[in-house]
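What follows is a set of notes on a single structure, which appears directly below.
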Amino acid sequence: ETGVTQSPTHLIKTRGQQVTLRCSSQSGHNTVSWYQQALGQGPQFIFQYYREEENGRGNFPPRFSGLQFPNYSSELNVNALELDDSALYLCASSLSAGDNSPLHFGNGTRLTVT
Amino acid sequence: DQQVKQNSPSLSVQEGRISILNCDYTNSMFDYFLWYKKYPAEGPTFLISISSIKDKNEDGRFTVFLNKSAKHLSLHIVPSQPGDSAVYFCAASAKSGTYKYIFGTGTRLKVLA
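In the order they appear, the protein sequences are chains W and U.
For the first sequence, this note's numbering assigns the number 40 to the initial residue and increments by one for each residue that follows.
For the second sequence, this note's numbering assigns the number -7 to the initial residue and increments by one for each residue that follows.
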């Protein structure tokens, strides 16, 4: 069973740039959620994708957008990067969006915005 | 508005003793709760969960207790082992929502050998 994989592991960008983070879900999982974890904080929900559609969104501005592909992999795009976007971005997959399936997390992408 | 709170940022326990990690929540709609463990440079790993219809769930050395009237849950680890040293997050979700999980800020557990 293949777990959740994220790429890249680390990334450094400049303020104002755009970034795309990628995630492959665990085998058999059709739902992907993205979380932002700032230093010293818990993961904050960005959005969830189920069957290629956004299925819930946290308190993040529209410059945070995403995609889910037919194979359930997903991308997180962030436009017009700000210094406060520096964080660990975690992708998590789950069996289904419709029940209390535990999230299975990848190891994250560490984004640094300078 | 922090709906899930872990008020103890850190906890140190002797090996073999009990570790008790606490979590409080404010949203009475939450009906499912989970605990995750996170090692440095790794993503959080699911440990144990509990539904609001129960007040206790046990899995090996890990037991989660839920007190709905107090909006409080706790994770007990017995006996504690050095490998348990990690950051522990509690998370909650509401069926009426989109099953997004709201996480606490974490408690760093250090088990001393």
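Glycine included, each C-beta is placed from N, C-alpha and C at the ideal position.
Determine the DSSP secondary structure at residue i, reduced to helix, strand or coil.
i        : result
Leu122/W : helix
Asp23/U  : coil
Asp76/U  : helix
Glu114/W : strand
Arg90/W  : coil
Thr41/W  : coil
Phe99/W  : coil
Tyr51/U  : Note that residue 51/U is Asp in the sequence shown here, rather than Tyr. If DSSP states are grouped into helix, strand and coil, Asp51/U belongs with the strands.
Val58/W  : strand
Val103/U : strand
Gln107/W : strand
Lys46/U  : coil
Leu134/W : coil
His49/W  : strand
Thr37/U  : strand
Thr18/U  : coil
Lys60/U  : coil
Answer yes or no: does any C-beta atom of chain U fall closer than 8 Å to that of residue i?
i        : result
His49/W  : no
Leu115/W : no
Leu129/W : yes
Leu134/W : no
Leu120/W : no
Leu150/W : no
Assuming residue i and residue j make a contact with CB atoms under 8 Å, what is their CB distance in whole Å?
i        : j        : result
Tyr28/U  : Thr37/U  : 6 Å
Ser125/W : Val152/W : 5 Å
Are the C-beta of residue i and some C-beta of chain W separated by less than 8 Å?
i       : result
Phe54/U : no
Gly8/U  : no
Phe95/U : yes
Gly75/U : no
Phe38/U : yes
Ser85/U : yes
Ser41/U : yes
Lys48/U : no
Lys63/U : no
Phe57/U : no
Lys92/U : yes
Phe81/U : yes
Check your understanding: Three or more beta-carbon pairs under 8 Å between the stretch 34 to 45 of chain U and the stretch 18 to 25 of chain U, yes or no?
Key -> Between the stretch 34 to 45 of chain U and the stretch 18 to 25 of chain U, the count of Cβ pairs shorter than 8 Å is three or higher; the stretches touch.
Check your understanding: Going along the chain, which residues of the stretch 67 to 92 of chain W sit with their C-beta nearer than 8 Å to a C-beta in chain U?
Key -> For the stretch 67 to 92 of chain W, residues whose beta-carbon sits nearer than 8 Å to a beta-carbon of chain U comprise Ser72, Tyr74, Gly79, Gln80, Gly81, Pro82, Gln83, Phe84, Gln87.
Review point. Between the stretch 90 to 112 of chain W and chain U, which residues of the former have a C-beta closer than 9 Å to a C-beta of the latter?
Key: The stretch 90 to 112 of chain W vs chain U, Cβ under 9 Å: Asn94, Gly95, Arg96, Gly97.
Exercise for review: Would you be able to state if there are at least three C-beta pairs under 8 Å between the stretch 46 to 63 of chain U and the stretch -7 to 11 of chain U?
Suggested key: Contact between the stretch -7 to 11 of chain U and the stretch 46 to 63 of chain U is absent: fewer than 3 CB-CB pairs across the two stretches fall below 8 Å.
Practice item. Please name the residues in the stretch 51 to 66 of chain W whose beta-carbon is closer than 7 Å to at least one beta-carbon of chain U, in chain order. Key: Listed by position, the residues of the stretch 51 to 66 of chain W near chain U (Cβ gap below 7 Å) amount to none.
Check your understanding: Mind listing which residues of the stretch 24 to 35 of chain U have their C-beta closer than 9 Å to chain W's C-betas, in chain order?
Key -> For the stretch 24 to 35 of chain U, which is checked against every Cβ of chain W, the residues closer than 9 Å are Tyr24, Leu26, Tyr28, Lys30, Ala33, Glu34, Gly35.
Practice item. Indicate whether the contact test is met: 3 or more Cβ pairs, each with one atom in the stretch 66 to 80 of chain U and one in the stretch 142 to 153 of chain W, closer than 8 Å. Key: By the Cβ rule, the stretch 66 to 80 of chain U does not count as touching the stretch 142 to 153 of chain W, because fewer than three pairs are nearer than 8 Å.
Check your understanding: Is there contact between the stretch 2 to 19 of chain U and the stretch 80 to 100 of chain U, where contact requires at least three CB pairs shorter than 8 Å?
Key -> Yes, they touch.
Check your understanding: Using 8 Å as the threshold, is the stretch 113 to 129 of chain W in touch with the stretch 60 to 76 of chain W, meaning 3 or more CB pairs across them?
Key -> Proximity of the stretch 113 to 129 of chain W to the stretch 60 to 76 of chain W meets the contact definition, three or more beta-carbon pairs being nearer than 8 Å.
Review point. Touch check for the stretch 44 to 56 of chain W and the stretch 94 to 102 of chain W: three-plus C-beta pairs under 8 Å?
Key: Per the Cβ contact rule, the stretch 44 to 56 of chain W is not in contact with the stretch 94 to 102 of chain W (fewer than 3 Cβ pairs under 8 Å).
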